[in-house]
Amino acid sequence: EVNPVKVIMRVDTLYLIAGEEDEKGNQTFKNYLFEQIKSVQETNHAMPKFIFDATMHYKYAFGKYTGSGKPEDITLEIRNKWLQTQFERSHFNPEISKRYDKNKNMIVDMKLRITPDFKTWLMGVAGDVRILKPASLKEEVKQLLKKALAEMDA
Numbered sequence: 005e006v007n008p009v010k011v012i013m014r015v016d017t018l019y020l021i022a023g024e025e026d027e028k029g030n031q032t033f034k035n036y037l038f039e040q041i042k043s044v045q046e047t048n049h050a051m052p053k054f055i056f057d058a059t060m061h062y063k064y065a066f067g068k069y070t071g072s073g074k075p076e077d078i079t080l081e082i083r084n085k086w087l088q089t090q091f092e093r094s095h096f097n098p099e100i101s102k103r104y105d106k107n108k109n110m111i112v113d114m115k116l117r118i119t120p121d122f123k124t125w126l127m128g129v130a131g132d133v134r135i136l137k138p139a140s141l142k143e144e145v146k147q148l149l150k151k152a153l154a155e156m157d158a
């Protein structure tokens, strides 16, 4: 049973945002893909009053997924002009910092939760993006790429 709060379209995907309240009265929200909802049934249960703020809900998010881990400081070197344009046009919360090095590469500093979709995105653009920090993210993406290459040869 969930408490529906809002319907949101994010990165071309429709979500039902549902709220939960813990025993201390703290409110948390979860995203449910509309396409995965099999049925809806009305109940006679009273629903708490939820205060939902989409900006705060998607704070530290990259793409569709909010994640639940601690946000990390990330620095990327963006070498491809097309990707640089994407970062120029994208909106992040909190805002990202962009600057250019002497080779006209964009250096992006951001604070994000590292989610599977972010790592997958990094794998897809690995030829045009260099992970400057954190070192743990760089190593994890390298291992994921090695595993993917090994699977292709299997």
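In the numbering used here, the protein residues as written are 5 to 158. We put the CB at the ideal spot given by N, CA and C, even for glycine. Every value quoted in this text rests on a predicted model; they were computed, and no experiment measured them.
_Going by C-alpha to C-alpha distance, which of Lys108, Gly73, Tyr19, Gly67 sits closest to Trp86?_
Lys108
*Rounded C-beta distance between Glu5 and Thr32? I'm assuming under 8 Å.*
With a Cβ gap of about 15 Å, Glu5 and Thr32 do not count as contacting.
_Spatially closest choice to Asp132 from Tyr69, Gln88, Ile21, Ala65, by CA coordinates_ = Gln88
*Distance, Phe96 Cα to Pro143 Cα*: The sequence as given places Glu at residue 143; Pro does not occur at that position. Looking at the two C-alpha atoms, the distance is approximately 24 Å.
*When DSSP labels each residue in this structure, what does Asp113 get in the three-state scheme?*
strand
*asked:* According to DSSP, Val11 sits in a beta bridge with which residue or residues?
replied: Leu20
*Where the beta strand (DSSP E) containing Ser101 begins and where it ends*: 101-104
*Terminal residues of the continuous alpha helix (DSSP H) containing Phe122?*
Counting along the chain, the alpha helix (DSSP H) containing Phe122 begins and ends at 120-128.
_Boundaries (first-last residue) of the beta strand (DSSP E) holding Arg134_ = 133-137
*Beta carbon of Gly71, beta carbon of Arg117: below 8 Å?*
Yes, these two residues count as a Cβ contact at 8 Å.
*Would you say Leu153 and Met127 are within 8 Å of each other, going by their C-beta atoms?*
Not a contact, by the Cβ cut-off of 8 Å.
*Mind listing, in chain order, the continuous alpha helix (DSSP H) runs of no fewer than 4 residues lying wholly within the segment 31-63?*
Whole alpha helix (DSSP H) segments, 4+ residues: 58-61.
*So what does Thr79 bridge to, in DSSP terms?*
Answer is Asp113, Lys137.
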